[in-house]
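Novice: Residue 29 in my numbering sits at position 17 of the sequence shown, and the numbers go up by one each step.
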Amino acid sequence: MPEAPATSPEQDLELLRSTAVGAGIIASGYFRRNLKTWTKENASPVSEADIVLDKFLHSSLLAARPHYGWLSEESVDDLERLKHDRVFVVDPIDGTRGFIRGEDSWTVSVAVVEHGVPVAGVVYAPARDELYDASIGGGARLNGKPIVRVAQPGRSAVIPAPGAVHQELQDAGLNYTRGPYYPSLAYRLVQVATGKLDAVVARRGSQDWDIAGAAIILAEAGIGFEDVCVGKPRFNMTDVRHGALAALSDESLKPVVHKALRRIYGCPAETEITADLERRTQ
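1. How long is the line joining the alpha carbons of His79 and Val101, rounded to whole angstroms?
2. Name the DSSP bridge partner or partners of Lys174?
3. Taking the runs of the beta strand (DSSP E) that are 3 residues or longer, which of them lie wholly in the stretch 89-146?
4. How do the stretch 35-49 and the stretch 151-158 stand: do at least 3 beta-carbon pairs fall below 8 angstroms, yes or no?
5. Once the 5 residues before and after Tyr188 are set aside, which same chain residues still bring their CB inside 6 angstroms of it?
6. Counting only runs that start and end within the stretch 169-245, where is the beta strand (DSSP E) found for 3 or more residues in a row?
7. Alpha carbons only, please: which of Glu92, Asn248, Ile235 and Ser72 is nearest the one belonging to Val33?
8. What's the C-alpha gap between Val99 and Glu263?
9. Who are Pro57's beta bridge partners in DSSP?
10. Just the Cα atoms here: how many angstroms apart are His178 and Arg190?
11. Assuming the contact rule is C-beta atoms closer than 8 angstroms, Ala39 and Pro138 should be a hit. Round their C-beta distance to whole Å, please.
12. So, does the stretch 188-208 touch the stretch 83-97, judging by three or more C-beta pairs under 8 angstroms?
13. For Arg153, report the span of its beta strand (DSSP E) as first-last.
14. What is the DSSP secondary structure of Gly36, reduced to helix, strand or coil?
15. Between which residues of its own chain and Val135 is the CB-CB distance below 6 angstroms, once the five residues before and five after are set aside?
16. When DSSP labels each residue in this structure, what does Ala18 get in the three-state scheme?
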């Protein structure tokens with residue numbers, strides 16, 4: 013395994029910020045234009061902008077840190093990444109459907125993961141001029157200022173979720189308001205840190221690049237974020253898919269939200285989880 017890099021998480025964050033801004037500038041040139049789009053094998057959409065940004069991010073980030081591994085939604089997965097102490101985890105455009113439709117909450121999501129844990133991350137929404145970032149132990153920021161969750165006493169919890177989850181929460185008697193849905197999961201997640209949302213959930217199948225950048229921001233903002241089956245997500249594993257996820261501003265929401273997600277989506281067999289952890293540590 014390569015020797016641990018000398019760069020600090022703060023230095024990595026500086027690189028992520030500058031590169032994400034550059035990617036945002038490039039993406040903005042494609043936004044609300046006549047785009048070439050197609051559908052991937054998993055039925056998810058992709059645009060020419062996704063590919064251009066992926067190439068830019070790959071070139072820029074690995075030129076600066078050639079000893080890091082690479083994992084991106086738009087790149088063929090190379091399991092050589094498992095041999096690296098630190099790995100870039102990248103979603104060139106998170107919320108591609110919204111990007112194609114001309115909605116403005118799409119993001120560039122980038123992170124550095126070390127031994128399974130994000131240590132620096134950026135979620136950048138260029139069309140909204142919002143840059144969220146954090147490094148481990150360094151706090152979370154929005155446009156350079158510390159993120160302070162704004163409490164709204166008396167307001168019922170605001171929770172966006174799929175219809176089946178709403179039905180479960182209502183059946184459980186939870187008093188809450190349906191929240192706005194943003195196509196970018198990373199953007200939805202960081203809104204729990206700001207206070208715009210009180211909980212965000214995701215069905216089974218989210219992948220590392222969808223959540224790594226937001227995960228470190230949530231952690232540094234003091235927001236609980238867990239796979240409802242196994243606890244805190246681990247990154248850069250052999251399988252980069254995750255179980256159902258929940259980011260919660262209030263721990264009192266945890267029993268009902270986690271139960272609802274487990275009822276709807278279930279959990280992978282414990283033996284599968286154990287086997288993957290064993291492969292990762294060999």
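Don't be surprised by glycine CBs; every beta carbon is placed ideally from N, CA and C. Bear in mind that the values here come from a model prediction, so they are computed numbers and not experimental data.
Specialist: Straight from the coordinates:
1. Looking up residue 79 in the sequence shown gives position 67. Looking up residue 101 in the sequence shown gives position 89. Between the alpha carbons of His79 and Val101 lies a gap of roughly 14 angstroms.
2. Reading the sequence shown from its first residue, position 162 is the one you call residue 174. In the sequence as presented, Lys is not what sits at residue 174; that position holds Pro. Paired residues: none, contrary to the question.
3. Listed in chain order, they are 98-106, 119-126 and 129-137.
4. No contact exists between the stretch 35-49 and the stretch 151-158.
5. Along the sequence shown, one-based indexing puts residue 188 at 176. Cβ contact annotation for Tyr188 (same chain, cutoff 6 angstroms, sequence separation greater than five): Ser168, Ala169 and Ile171, in chain order.
6. DSSP runs (the beta strand (DSSP E)) wholly in the stretch 169-245: 169-171, 188-190, 211-214 and 236-239.
7. Translated into positions along the sequence shown, residue 33 becomes position 21. Out of Glu92, Asn248, Ile235 and Ser72, Ser72 has the C-alpha closest to the C-alpha of Val33.
8. The count along the sequence shown starts at 1 and reaches residue 99 at position 87. The count along the sequence shown starts at 1 and reaches residue 263 at position 251. When rounded, the separation of the alpha-carbon atoms in Val99 and Glu263 is 31 angstroms.
9. Against the sequence shown, residue 57 aligns to sequence position 45. Its beta-bridge partners are Thr51.
10. Taking the sequence shown and counting its residues from 1, one reaches residue 178 at position 166. Taking the sequence shown and counting its residues from 1, one reaches residue 190 at position 178. Each residue's Cα considered, the two are about 8 angstroms apart.
11. Stepping through the sequence shown from its first residue, residue 39 is reached at position 27. Stepping through the sequence shown from its first residue, residue 138 is reached at position 126. So it is a contact: roughly 6 angstroms between Cβ atoms.
12. The stretch 188-208, when compared against the stretch 83-97, does not touch it at the 8 angstroms Cβ threshold.
13. By 1-based counting over the sequence shown, the position of residue 153 is 141. For Arg153, the uninterrupted beta strand (DSSP E) run begins and ends at Ala152 to Leu154, by DSSP.
14. Counted from its first residue, the sequence shown places residue 36 at position 24. The answer is helix: DSSP assigns Gly36 an H, G or I state.
15. Locating residue 135 in the sequence shown gives position 123, counting from the first residue. Cβ neighbours of Val135 beyond the five flanking positions: Thr119, Ser121, Tyr144, Ala198, Val202, Gly225 and Ala226.
16. For the purposes of this step, residue 18 is taken as the residue at position 6 of the sequence shown. The answer is coil: DSSP assigns Ala18 none of H, G, I, E or B.
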